[in-house]
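Undergrad: Sharing a structure with you now.
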Amino acid sequence: MLLEFIAKGLRDTDDVDVIDIRKVPLFNENYKGKTPKVVADIDRRVAAADAVIIASPEYNHSITSALKSMVEWLSYELHPLENKPVMIIGASTHEQGSSRSQVQLRDILISPGVNAHVFQGEEFFMSNVADMIDEDGNITDEGTVSFLNKCISEFKPYAEAINGMVAKKEAAKD
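Take the sequence shown: its letters are residues 11 to 184, numbered as in this note's numbering.
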């Protein structure tokens, strides 16, 4: 819901593609050379993106198994997150607002095989999400909306800078 809210707000200025990972099978090395279609589609969409925003809920002080599995798929034979600017955001029904899952996810995303460029600026942890999003998917607290917009606006120049750096690095190889 958090990503859908962001997408609604950015559609006028940015091309936004929200990816649903609920149909992704759990990662399994027995698929070597036979990437599932749903994973191949996500790989293509992530590879085509200028930047990625990952929303992580938090359960038991951790990222979800579905998200961990998705990152495993995208770092096994496929590597669309390599050198990709990534922003982590999150929401939780509890007070800590996904702070622990975001730390975990950051460590995973910078690990060898993934090699994403994770944004180190503002961190967006949305707590008590059940009380903050209405039935239409809107965040009801204006301070939260304002801070989320600030985080996104700070991520955009970071993503542009990373993409410029990566392009220069690739050009130097040629």
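Heads up, the beta-carbon is just placed ideally off N, CA and C, and yes, glycines get one too.
These numbers come from a predicted model, not from an experiment.
Sorted by chain position, which residues of the same chain lie with C-beta nearer than 8 Å to glutamate 39's C-beta, five sequence neighbours on each side aside?
TA: For the purposes of this step, residue 39 is taken as the residue at position 29 of the sequence shown. Tyr86, listed in sequence order.
Undergrad: If you draw a straight line from the alpha carbon of methionine 97 to that of valine 128, how long is it in whole angstroms?
TA: On the sequence shown, residue 97 is found 87 positions in, with the first residue counted as 1. On the sequence shown, residue 128 is found 118 positions in, with the first residue counted as 1. Computed Cα separation, rounded: 6 Å.
Undergrad: Ignoring anything shorter than 3 residues, give me the beta strand (DSSP E) runs that lie fully in the stretch 32-74, in order along the chain.
TA: Within the stretch 32-74, the complete beta strand (DSSP E) runs of at least 3 residues are 62-67.
Undergrad: Would you kindly check if the distance between the Cβ of leucine 115 and the Cβ of serine 75 is under 8 Å?
TA: Position 65 of the sequence shown, counting from 1, holds the residue named residue 75. Position 105 of the sequence shown, counting from 1, holds the residue named residue 115. No.
Undergrad: Please state whether the Cβ-Cβ distance between tyrosine 168 and glycine 131 is less than 8 Å.
TA: Position 158 of the sequence shown, counted from the first residue, corresponds to residue 168. Position 121 of the sequence shown, counted from the first residue, corresponds to residue 131. Yes, the pair counts as a contact, with Cβ atoms nearer than the cut-off.
Undergrad: How many Å lie between serine 108 and alanine 101 at the Cα?
TA: The count along the sequence shown starts at 1 and reaches residue 108 at position 98. The count along the sequence shown starts at 1 and reaches residue 101 at position 91. Their Cα atoms are separated by approximately 6 Å.
Undergrad: Opposite isoleucine 172 in the DSSP bridges: which residues?
TA: The sequence position of residue 172 within the sequence shown is 162, counting from 1. BP columns for isoleucine 172 are empty, so no partner.
Undergrad: Give a yes or no on whether the C-beta atoms belonging to phenylalanine 134 and leucine 158 are separated by under 8 Å.
TA: Translated into the one-based positions of the sequence shown, residue 134 becomes position 124. Translated into the one-based positions of the sequence shown, residue 158 becomes position 148. Against a cut-off of 8 Å, the Cβ pair of leucine 158 and phenylalanine 134 comes out as a contact.
Undergrad: When DSSP builds the beta bridges, which residues end up paired with methionine 136?
TA: The count along the sequence shown starts at 1 and reaches residue 136 at position 126. Bridge partners of methionine 136: Ala101.
Undergrad: Should methionine 136 be labelled buried (16 or more other beta-carbon atoms within 10 Å of its own) or exposed?
TA: Translated into the one-based positions of the sequence shown, residue 136 becomes position 126. Its Cβ being crowded by 16 or more others within 10 Å, methionine 136 is buried.
Undergrad: Mind checking which residues open and close the alpha helix (DSSP H) that includes arginine 116?
TA: Translated into positions along the sequence shown, residue 116 becomes position 106. Looking at the DSSP string, the run of the alpha helix (DSSP H) that includes arginine 116 is 109-119.
Undergrad: In the DSSP assignment, find the unbroken alpha helix (DSSP H) run with lysine 18 in it and report its ends.
TA: On the sequence shown, position 8 is the one that residue 18 refers to. Taken as a continuous stretch (DSSP letters only), the alpha helix (DSSP H) holding lysine 18 covers 12-20.
Undergrad: May I ask you to report which of helix, strand or coil DSSP gives valine 96?
TA: Stepping through the sequence shown from its first residue, residue 96 is reached at position 86. Three-state result, valine 96: strand.
Undergrad: With DSSP as the reference, label valine 128 as helix, strand or coil.
TA: To locate residue 128, count along the sequence shown from 1; it is residue 118. Note: valine 128 maps to strand in three-state DSSP.
Undergrad: Would you say alanine 126 and leucine 91 are within 8 Å of each other, going by their C-beta atoms?
TA: Locating residue 126 in the sequence shown gives position 116, where the first residue counts as 1. Locating residue 91 in the sequence shown gives position 81, where the first residue counts as 1. In this structure, leucine 91 lies closer than 8 Å to alanine 126 by Cβ.
Undergrad: Helix, strand or coil, according to DSSP, for isoleucine 162 in the structure here?
TA: Here the question's residue 162 lines up with position 152 in the sequence shown. Reduced to three states, the DSSP call for isoleucine 162 is helix.
Undergrad: Aspartate 25: which of Arg32, Glu14 and Val34 sits nearest, CA to CA?
TA: In the sequence shown, counting from the first residue as 1, residue 25 sits at position 15. Checking every option, the nearest Cα to that of aspartate 25 belongs to Glu14.
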